[in-house]
Amino acid sequence: MLSDIEIAQTNKMEKIGYIAEKCGLKVDEIEQYGHYKAKVSFDAVHRLQDKKDGKLVLVTAITPTPAGEGKSTTTIGLVEALNKIGKRAIATLREPSLGPVFGIKGGAAGGGYAQVVPMDDINLHFTGDMHAITAANNLLSAVIDNHIHQGNALQIDIRQITWNRVLDMNDRALRHVTVGLGGKVCGFPREDGFMITVASEIMAILCLAKDLDDLKERFGNIIIGCNLKGDPVYVHQLGCQGAMALLMKEAIKPNLIQTLEHNPAIVHGGPFANIAHGCNSIIGTKLALKISDIVVTEAGFGADLGAEKFLDIKCPYAGIYPDAVVIVATIRALKMHGGVPKNELDIENIQAVSKGFTNLAKQIENMRYFGLPVLVAINKFASDTLDEVDMVLEKCGNYGVDVTLNESWSKGSTGAIDMAKRIADMVEGTSIVPKTVYDIHESIQEKVRKIVTTIYGGKDVIFTNKALKQIKQLEDWDVSSLPVCMAKTQYSLSDDPTLLGAPKDFVVTVSDVRVASGAGFIICRTGDVMVMPGLPKQPAALHMDIESDGTITGLF
84 MLSDIEIAQT NKMEKIGYIA EKCGLKVDEI EQYGHYKAKV SFDAVHRLQD KKDGKLVLVT
144 AITPTPAGEG KSTTTIGLVE ALNKIGKRAI ATLREPSLGP VFGIKGGAAG GGYAQVVPMD
204 DINLHFTGDM HAITAANNLL SAVIDNHIHQ GNALQIDIRQ ITWNRVLDMN DRALRHVTVG
264 LGGKVCGFPR EDGFMITVAS EIMAILCLAK DLDDLKERFG NIIIGCNLKG DPVYVHQLGC
324 QGAMALLMKE AIKPNLIQTL EHNPAIVHGG PFANIAHGCN SIIGTKLALK ISDIVVTEAG
384 FGADLGAEKF LDIKCPYAGI YPDAVVIVAT IRALKMHGGV PKNELDIENI QAVSKGFTNL
444 AKQIENMRYF GLPVLVAINK FASDTLDEVD MVLEKCGNYG VDVTLNESWS KGSTGAIDMA
504 KRIADMVEGT SIVPKTVYDI HESIQEKVRK IVTTIYGGKD VIFTNKALKQ IKQLEDWDVS
564 SLPVCMAKTQ YSLSDDPTLL GAPKDFVVTV SDVRVASGAG FIICRTGDVM VMPGLPKQPA
624 ALHMDIESDG TITGLF
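This is how it looks when you write it as structure tokens:
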């Protein structure tokens, strides 16, 4: 079979104007970036705001292997198949970050015959949203250091600045840096650090804002640290929220592209789910709900991370709620949770598949907690054997959960027809009452405890002395009544990546608590979660190239 990039390059795309017309957008409501990409203007958002919403389907997953289990592939394949059976369906996805693209995972626009295109553009610079986020973030960093250099009228405590610079690349050497070296003309030396762009609060704000005015107001509400008295310092006190919003004036508009089978897709925003909230933009999702019968969206990593944050953070802010959930599972991930080493996942092991089902069962339980109908989609790999697949079908049947085999990676829409029919039936006439794990007015400790005991399956939470002092500070600042965004490893239900399956009686340690007051949530950091990843020993970048005629090779 051809590689992902080869499949994408052989696909004959439709002009983006045709795709826009297909989903009911007017010619003057899109701003084209070449022939095959476009921004959708807020004229369309405003025109459609009173139209009835379509149904919403959330795609999440089992706790993943390092390579991922194919949520984007499943999302796209499901949309292809829904359109194939006569439903108007749209995918809403996150934008890839350059860090993972050049790091371990390669491309991030689906895979095989379930992709969004132009795949190379989407994975590289797309419409420039990531660069705009990087620029807005780093403008604020520059303004902070300049304010201190020019007299520090706000009396910012340079020892307690919490705002970091960002770069959309995996670069471990930038995790901890010292800025301001070089003498008086270069400012005051202080410790700083870089995060990957997708971990920036600017990214979170983009994905949770309603419009440009809301974006600017949220920028003004960002807390960058505190002053020498211990009071919070806000961006609106520095006065650069307007300039930051200016840099984001195009990035806030959702991006319209197409699938391999010429169905519309909206790809906008891309926060990671292990260090941020892991969902595409509210603007993109709500626009899609106005122009389709069924919207299929994804949330990053396993259901304990992206799906929980989708339901506890994004949905309350957006005023939306899913009508059904697809949990993506793979034989490989089940075998990993059953104790098989990562280098032996292609070898048949029915016993390990059965043992590893405990992780999938917990993720099913998590989604049922929210009152949502669940469909398990087995994303089939070429190495999966018939006996292994039968074992999963049997386990799902015994557990009382609907299950389907998804072969959209190798067959496109025809490989996901059963999944599409089941989802179409599931969402028909549904009316689900939204539910959250906690009340936002509960203490930070209680909110975290409920997530750990209810969603992760843990016994309790320990807060370090540092974390407790930070919580007290947020309470004093009156910003503690916000949703909680857990920063946790994606490789385990616990905060220990080596605890696979569905561990019990573990205790999660919260080591750092910060407020993203512009985005509107509190970040509780556990374990060794890196906000600036590093490259692996053999980065995907080493296998990529471009020919003299512009043909790209090795991009997954």
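Note that this note's numbering gives residue 406 to position 323 of the sequence shown, counting from 1, and the numbers run on in steps of one. Note that the Cβ used here is the ideal one computed from N, Cα and C, for glycine as well. Being a predicted model, the structure only gives us computed values, none of them experimental.
query                                                                                                                                                                          : result
Thinking just about the alpha-carbon of each residue, which of 106, 92, 286 is nearest to the one in residue 346?                                                              : 106
In the DSSP assignment, find the beta strand (DSSP E) that holds residue 410 and state where it starts and stops.                                                              : 407-412
Beta-carbon within less than 8 Å of residue 612's beta-carbon, same chain only, minus the 5 sequence neighbours each way: which residues are those?                            : 357, 358, 570, 571, 572
Below 6 Å CB to CB, which residues in the same chain sit around residue 604 once its five sequence neighbours on both sides are set aside?                                     : 396, 565, 566, 568
With respect to the alpha helix (DSSP H) encompassing residue 496, which residues constitute its N-terminal and C-terminal limits?                                             : Residue 496 -> no alpha helix (DSSP H), and no H or E assigned at all.
Nearest-angstrom Cα distance between residue 362 and residue 445?                                                                                                              : 21 Å
Can you tell me which of 635, 442, 276 puts its alpha carbon nearest to the alpha carbon of residue 249?                                                                       : 276
When the distance is taken between beta carbons, is residue 484 closer than 8 Å to residue 459?                                                                                : yes
Would you give the residue range spanned by the alpha helix (DSSP H) that residue 101 belongs to?                                                                              : 99-105
Excluding the five sequence neighbours on either side, which residues of its own chain have a C-beta within less than 7 Å of the C-beta of residue 466, listed in chain order? : 429
If contact is defined by three or more beta carbon pairs under 8 Å, each pair taking one atom from either stretch, is the region 119-135 in contact with the region 97-104?    : yes
So is residue 169 buried or exposed if we call it buried at 16+ other beta carbons inside 10 Å?                                                                                : exposed
CB-CB under 8 Å to residue 217, same chain, minus the five flanking residues each way: which ones, in chain order?                                                             : 249, 250, 251, 280, 283
Using C-beta distances below 6 Å, list every residue in its chain close to residue 546, excluding the 5 sequence neighbours before and after it, in chain order.               : 593
Compare the beta carbon distance of residue 352 and residue 290 with 8 Å and say whether it is the shorter of the two.                                                         : yes
Output the residue ranges of the beta strand (DSSP E) runs that lie fully inside the region 178-262 and measure 3 residues or longer, sorted by chain position.                : 197-200, 248-250, 260-262
With a threshold of 7 Å on Cβ separation, who are the neighbours of residue 330 within its own chain once the five nearest residues in sequence on each side are excluded?     : 215, 218, 219, 222
Using 10 angstroms around the beta-carbon of residue 614, count the other beta-carbons present and answer buried if the total reaches 16, otherwise exposed.                   : buried
Just to confirm my understanding: we take residue 452, look at its own chain, exclude 5 residues before and 5 after, and list those with CB closer than 6 Å. What are they?    : none
For residue 502 and residue 492, I'd like the C-alpha separation in whole angstroms.                                                                                           : 13 Å
Shortest alpha-carbon distance to residue 179 belongs to which of 173, 104, 383, 521?                                                                                          : 383
Tell me which residue opens and which closes the beta strand (DSSP E) that residue 281 is part of.                                                                             : That residue, residue 281, is in no beta strand (DSSP E); it is neither H nor E in DSSP.
Could you give the residue range of the alpha helix (DSSP H) that holds residue 474?                                                                                           : 469-482
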